[in-house]
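Chains as they are written, first to last, in our numbering: chain A, 1 to 281; chain B, 282 to 562.
This report refers to the structure that appears directly beneath it.
Dropping the structure here:
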């Protein structure tokens, strides 16, 4: 039971938390608000609500979409993220299963290389990886998916193998005795047990691949039609001198909307996944 | 069973290993080699020994000043993020109304990508500074504190979730016992709660440390190093050395190796620290 004193202090805490919540939401509301204002009114009075004169309707959204092709970028971001995550879940769970169950030099070396790769900062391989991707014709959305499989492999294999270790061998042996080959055993028996880890791995990878800027910027570049959302946003702001502030605000809003929808629908899994990833990583 | 699985090594491991080789193993090996070479593309390298490493420390290269900026930024961010996140976690574990809604809101910024976040905050900060007829790129102090605020805004929710999980695992009997013994709320916090969530504190310290130290997207979007590269962090400095002007690729690669060594040193320090804590318990 809460005492009267606790109730009073909880009221104070509630007010403090409300203030923090406003501070957290404010930057997002700020760009949302300004995305509806005429582009010449934004810098003069960025904090007021759009009124009759300054209200621009959806002009900024239309202009921004024409200037940037953000819609196609959203499409390519979805394509690359989804394909990469599917490849990662499928192949790294198989690899993790193999290197956990097989005791050989190959498996051990591989395991430590995956763990090692998690520590190495991207800048270390940035230049050489880009030129290798160029040579091997990986400068395409599908090539990007292959690279993401390679970059995501470290954390994914590490998390899967941590879980495989806890699965009792007897289940697999029973399947083998019943005449399953290793592939049937893996997909019929082991993979279903790995599902919670697979969700965690999928969420962690989806988050960084969706938001990743440098890899698509360097590998696919800015002169193709395969640009992803962060690349388009960077181009809109970074390149030209005469910025269309209205279009910028509108494009920032459109870039954030898919993430918010994803978050609100899978919130439980995302928070659990991120905590699990943090504790294990 | 192990023997049958061994024969399937190609199916189970090769897809991941090939992608991993393209994305990590080959570029990493090339990167280490090229840090001792002069080159403009991977193909035309000539051995120059330690020249690149010597050049990296010349003051015109901006590496040492970027290291100083990065270190200062990291220290301030780690302290502020963890203090604020821990405080909010304490407030949210007191059964205040709307706890779940607050948790959802506070965690949200963590999902938004660095580039989009960086430009959102650039617009916000510039809107405020506009009243004083200045911008974020006119003074390195604005850029520094802008980055600190941005990083806090993005990471507090994430760390808060980890701290909440830790605080919820503190047995209530311990806190009750402390109360009966006449401990003040402050004493309960310092002598009971903090030691009990030490593992969460280590995880959060490490996550904020490595995320702040390796920061790139937010730095690129918010200030891009301006004014005069004074707000340039290490990752951005390396990027600029590679792609800013030709002829310095070797120096860039040497800097990347140094960056990698520092990151590994931090990780090892962290690992040994965690191990020693585990022994104590």
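Just so it is clear, CB atoms sit at the ideal spot from N, CA and C, and this is done for glycine as well.
All values reported here derive from a predicted model rather than from experimental measurement.
For residue i and residue j, I'd like the C-alpha separation in whole angstroms.
i             : j             : result
residue 348/B : residue 338/B : 11 Å
residue 14/A  : residue 432/B : 24 Å
residue 444/B : residue 544/B : 24 Å
residue 423/B : residue 120/A : 30 Å
residue 387/B : residue 3/A   : 28 Å
residue 309/B : residue 460/B : 56 Å
residue 248/A : residue 437/B : 26 Å
residue 478/B : residue 471/B : 11 Å
residue 227/A : residue 380/B : 39 Å
residue 408/B : residue 513/B : 22 Å
residue 343/B : residue 510/B : 8 Å
residue 182/A : residue 286/B : 6 Å
residue 130/A : residue 50/A  : 45 Å
residue 362/B : residue 447/B : 17 Å
residue 290/B : residue 173/A : 18 Å
residue 16/A  : residue 72/A  : 42 Å
residue 217/A : residue 230/A : 8 Å
residue 390/B : residue 53/A  : 32 Å
residue 401/B : residue 31/A  : 7 Å
residue 192/A : residue 126/A : 36 Å
residue 144/A : residue 326/B : 27 Å
residue 449/B : residue 205/A : 27 Å
residue 359/A : residue 521/B : No answer is possible for residue 359/A: it lies beyond the span of chain A, which begins at 1 and ends at 281.
residue 169/A : residue 293/B : 18 Å
residue 142/A : residue 296/B : 14 Å
Helix, strand or coil: which one does DSSP assign to residue i?
i             : result
residue 562/B : With a pLDDT of only 46 at residue 562/B, under 50, the local geometry of the prediction cannot be trusted, and the value read off the model is given with reservation. Residue 562/B falls in the coil class under three-state DSSP.
residue 37/A  : strand
residue 55/A  : strand
residue 374/B : coil
residue 318/B : strand
residue 327/B : strand
residue 265/A : helix
residue 165/A : coil
residue 3/A   : coil
residue 105/A : helix
residue 485/B : helix
residue 129/A : helix
residue 100/A : helix
residue 495/B : coil
residue 514/B : coil
residue 338/B : coil
residue 457/B : helix
residue 333/B : helix
residue 190/A : helix
residue 383/B : helix
residue 124/A : helix
residue 293/B : helix
residue 528/B : coil
residue 42/A  : coil
residue 170/A : helix
residue 214/A : helix
Given a threshold of 16 other Cβ atoms within 10 Å of its Cβ, counted over all protein chains shown, does residue i qualify as buried or as exposed?
i             : result
residue 105/A : exposed
residue 365/A : Lying before the first or after the last residue shown, residue 365/A is absent from chain A, which here runs from 1 to 281.
residue 18/A  : exposed
residue 40/A  : exposed
residue 86/A  : exposed
residue 213/A : buried
Using only CA atoms, which one of the options lies nearest to residue i?
i             : options                       : result
residue 64/A  : 205/A, 56/A, 236/A and 181/A  : 236/A
residue 516/B : 485/B, 492/B, 398/B and 311/B : 492/B
residue 97/A  : 87/A, 244/A and 164/A         : 164/A
residue 60/A  : 199/A, 258/A, 243/A and 264/A : 243/A
residue 404/B : 555/B, 504/B and 376/B        : 504/B
residue 207/A : 10/A, 27/A, 80/A and 141/A    : 80/A
residue 519/B : 292/B, 334/B and 324/B        : 334/B
residue 279/A : 362/B, 343/B, 365/B and 440/B : 440/B
residue 67/A  : 232/A, 17/A, 36/A and 149/A   : 232/A
residue 318/B : 530/B, 555/B, 546/B and 551/B : 530/B
residue 27/A  : 40/A, 39/A, 47/A and 37/A     : 47/A
residue 38/A  : 246/A, 264/A and 257/A        : 246/A
residue 392/B : 10/A, 256/A, 275/A and 265/A  : 256/A
residue 453/B : 434/B, 395/B, 474/B and 297/B : 474/B
residue 482/B : 536/B, 360/B, 382/B and 546/B : 360/B
residue 184/A : 77/A, 94/A and 23/A           : 94/A
Verify the contact flag: residue i, CB atom, against every heavy atom of the ligand GTP, threshold strictly below 7 Å.
i             : result
residue 425/B : The ligand GTP is not part of this structure, which contains no ligands at all.
Give the C-beta separation of residue i and residue j to the nearest angstrom, bearing in mind that I take them to be a contact with Cβ-Cβ under 8 Å.
i             : j             : result
residue 215/A : residue 147/A : 7 Å
residue 267/A : residue 385/B : 6 Å
residue 158/A : residue 190/A : Not confirmed; about 17 Å, so no contact.
residue 315/B : residue 534/B : 5 Å
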